[in-house]
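Peer 1: Take this structure, written in structure tokens, and hold onto it; I'll ask about it next.
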Amino acid sequence: MKIDEVAELSGVSITTVSRVINNQKVNEETKLRVLAVIRKHNYKPNPHARNLARKRNGEEQIF
């Protein structure tokens with residue numbers, strides 16, 4: 000399952016799902032709805048996708 004599927008099943012945006020995952024400010028009712036979908040479908044964020052989005056690959060560059 001991907002984050003966009005969690006968003007669709009929760010009836011919220013991908014940004015809202017991301018905010019819930021990162022424990023940022025979200026309406027409590029919305030947060031509970033998203034967390035219920037996450038638990039029901041055993042959603043786990045993909046660390047590789049997260050690193051790509053942040054443009055990090057875990058390797059240090061040496062000059």
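Residue numbering for the sequence shown follows numbering that gives the first Met the number 0, starting at 0 and increasing by one per position.
The beta carbon of each residue, even a glycine, is placed where N, CA and C say it ideally should be.
1. Are L8 and V36 close, meaning C-beta to C-beta below 8 Å?
2. If you run the structure through DSSP and keep just helix, strand and coil, what is K30?
3. Determine the burial state of A6: buried for a count of at least 16 other Cβ atoms within 10 Å of its Cβ, exposed for fewer.
4. By a C-beta neighbour count over all protein chains shown, 10 Å radius and 16 as the cutoff for buried, is T15 buried or exposed?
Peer 2: On the basis of the supplied data:
1. Taking the C-beta atoms as reference points, V36 is found nearer than 8 Å to L8.
2. K30 falls in the helix class under three-state DSSP.
3. Classification of A6: buried, given that the 10 Å Cβ count is 16 or more.
4. Flag for T15 reads buried.
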